[in-house]
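Inspection log for the structure reproduced underneath, given as structure tokens.
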Amino acid sequence: MSKKEVRDFLIIENRPLNNSNFFIKLKSNENLPDLFPGQFVNIDIPEQNEVFLRRPFSIFEVDYNDNTISLIVKILGKGSKKLTEIGIGKTLNLVLPLGKGFTLPEKSDKVLLVGGGSGMAPMLFLAKKSGLLKGQVHLLIGARAHSDHIVLNEYAEYGHFFYATDDGTFGEKGYVTQHSVFKHSLSDYTKVYACGPLGMMKAVAAEAKSQNIFCEVSLENLMACGFGVCLCCIEPTTKGNLCVCTEGPVFNVNDLKW
Ligand SMILES: Cc1cc2nc3c(=O)[nH]c(=O)nc-3n(C[C@H](O)[C@H](O)[C@H](O)COP(=O)(O)OP(=O)(O)OC[C@H]3O[C@@H](n4cnc5c(N)ncnc54)[C@H](O)[C@@H]3O)c2cc1C
Ligand code: FES
19 MSKKEVRDFL
29 IIENRPLNNS
39 NFFIKLKSNE
49 NLPDLFPGQF
59 VNIDIPEQNE
69 VFLRRPFSIF
79 EVDYNDNTIS
89 LIVKILGKGS
99 KKLTEIGIGK
109 TLNLVLPLGK
119 GFTLPEKSDK
129 VLLVGGGSGM
139 APMLFLAKKS
149 GLLKGQVHLL
159 IGARAHSDHI
169 VLNEYAEYGH
179 FFYATDDGTF
189 GEKGYVTQHS
199 VFKHSLSDYT
209 KVYACGPLGM
219 MKAVAAEAKS
229 QNIFCEVSLE
239 NLMACGFGVC
249 LCCIEPTTKG
259 NLCVCTEGPV
269 FNVNDLKW
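The working numbering numbers the first residue of the sequence shown as 19 and each following residue consecutively.
Spelled out as structure tokens, the structure:
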């Protein structure tokens, strides 16, 4: 695993993807360390006196040729809002790489990647990094309504996409766990991965467990330090209380006390 570093990155893109999510691309002037799907960065929020602690964001895209990483940032509070307002050409200070990522699938796997909201970011990175053929990767993405969906057509080459919305305005109506792919075909998959709202991940985990399918989820517990010192991100597991920032954020669902 690469050593953690504190580094300045230049903002080279910062644009809306829909009504609440932004795409932010950051460039380093040094080579990037190895970065894996599920790992995250902890960002110092500049020009904002009320946000003292760094904010964690999953790595969405990495380009080692031009030393850039990209993030999907959903506006939730003051820190994330500020990030979406900072202009191109400004710098952000990041700690990276943090956490342990997903177990990469094997060549023979057929995987279902379930994402909700900005939880899509690590799912798309995983789809791209998996090295699997498009037919082996299915992505099931959920949101409240059509306008909440982030649709990135350029990812169509990495897998087949299925969509669900609570109100039925895009894809099938209902939660991802009510989608026909999840309800009727879960046993077709050898591995299931999920990132998104806690309720969604618990529902995905419960079904995968009941069918004895390998399943990993990426937890978004509140964090402060990001490297195992403050203990504010503790998750009770079958292996004891673990820091999500260092022992996760990705956990096998069999290790969680859900
Ligand atoms: C490992 C990890 C990866 C993440 N990846 C992404 C990502 O790729 N894209 C993205 O948009 N967000 C991601 N998040 C969530 C992101 O860190 C929070 O949205 C952000 O820190 C909120 O900061 P804020 O200052 O905007 O809001 P705050 O003012 O800190 O919080 C606003 C409200 O949201 C709640 N809140 C804050 N953080 C979380 C959280 N993690 N889970 C649930 N509720 C929360 C607070 O309790 C408060 O009610 C990730 C979180 C973790 C732990
Ligand atoms: S965020 Fe401090 S220990 Fe995990």
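Glycine included, each C-beta is placed from N, C-alpha and C at the ideal position.
Taken through DSSP and simplified to helix, strand or coil, Lys45 comes out as strand. In the three-state DSSP reduction, His197 falls in the coil class, being neither helix nor strand. For Gly107, the closest of Pro267, Ser46 and Lys257 by C-alpha to C-alpha distance is Ser46.
It is roughly 44 Å from the alpha-carbon of Val199 to the alpha-carbon of Glu68. Within the stretch 212 to 236, the runs of beta strand (DSSP E) at least 3 residues long that lie entirely inside it are, in chain order, 232 to 236.
Placement of the Cβ of Gly266 at a distance of 7 Å or more from every heavy atom of ligand 2 is found.
Distance from the CA of Val235 to the CA of Phe41, rounded to the nearest whole angstrom, comes to 23 Å.
Judged by beta-carbon spacing, Val59 lies beyond the 8 Å limit of Leu144, meaning their Cβ atoms are not closer than that value. Around the beta-carbon of Gln229, fewer than 16 other beta-carbon atoms lie within 10 Å, marking it exposed.
DSSP, read as helix, strand or coil, puts Ser20 in coil. Cβ-Cβ distances below 6 Å link Glu23 to nothing in the same chain once the five nearest sequence neighbours on each side are left out. Nearest Cα to Gly137 within the set Leu274, Asp273 and Val268: Val268.
In chain order, His164, His167 and Tyr181 place their CB closer than 7 Å to the CB of Phe188, counting only its own chain and leaving out the 5 sequence neighbours on each side. A distance of 8 Å or more separates the beta carbons of Gly105 and Gln66. Per DSSP, Cys263 is one residue of the alpha helix (DSSP H) stretching across Val262 to Glu265.
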